[in-house]
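First comes the structure, then the notes that go with it.
Numbering (this note's numbering), first residue to last: 119 to 210.
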């Protein structure tokens, strides 16, 4: 004898059931932090290249990191995108 099987329930979730949406962050607010991340990556890459003995590229990457580190705060002020998080991130 077969047991009756109920059909699987349809998952009809609505936006209200999912909870509140995270607010979107405008791109202009992220640009200075992205520049800071690029500066960190360039500096770390310069260190790696120095360990490999590729000193010309290492110097170029460290100079790029220094340049990016110098402009990220200025760009943040220009775009009115300064934040406490950005200040802490820039100190890295």
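All C-beta atoms, glycine included, are put in the ideal place defined by N, C-alpha and C.
Predicted, not measured: the structure shown is a model, and the values here were computed from it.
Pick from the options that is closest to residue i, judged by C-alpha positions
i, options, result
"residue 192", "143, 154 and 181", "154"
"residue 210", "196, 194, 187 and 168", "187"
"residue 190", "138, 144, 141 and 150", "150"
"residue 201", "139, 140 and 146", "146"
"residue 204", "184, 138, 177 and 152", "152"
Within 8 Å, strictly: CB atoms of residue i and residue j
i, j, result
"residue 182", "residue 199", "no"
"residue 211", "residue 179", "Since the first residue shown for the chain is 119 and the last is 210, residue 211 is missing from the structure and cannot be characterised."
Local conformation of residue i per DSSP, three classes
i, result
"residue 150", "helix"
"residue 174", "helix"
"residue 195", "helix"
"residue 139", "coil"
Proximity test, Cβ basis, 8 Å: residue i and chain C
i, result
"residue 208", "Although the question refers to chain C, the structure presented lacks it and comprises just one protein chain."
Residue interval of the alpha helix (DSSP H) (run including residue i)
i, result
"residue 202", "202-208"
Outcome for residue i when other beta-carbon atoms lying within 10 angstroms are tallied against a minimum of 16
i, result
"residue 171", "exposed"
"residue 157", "buried"
"residue 184", "exposed"
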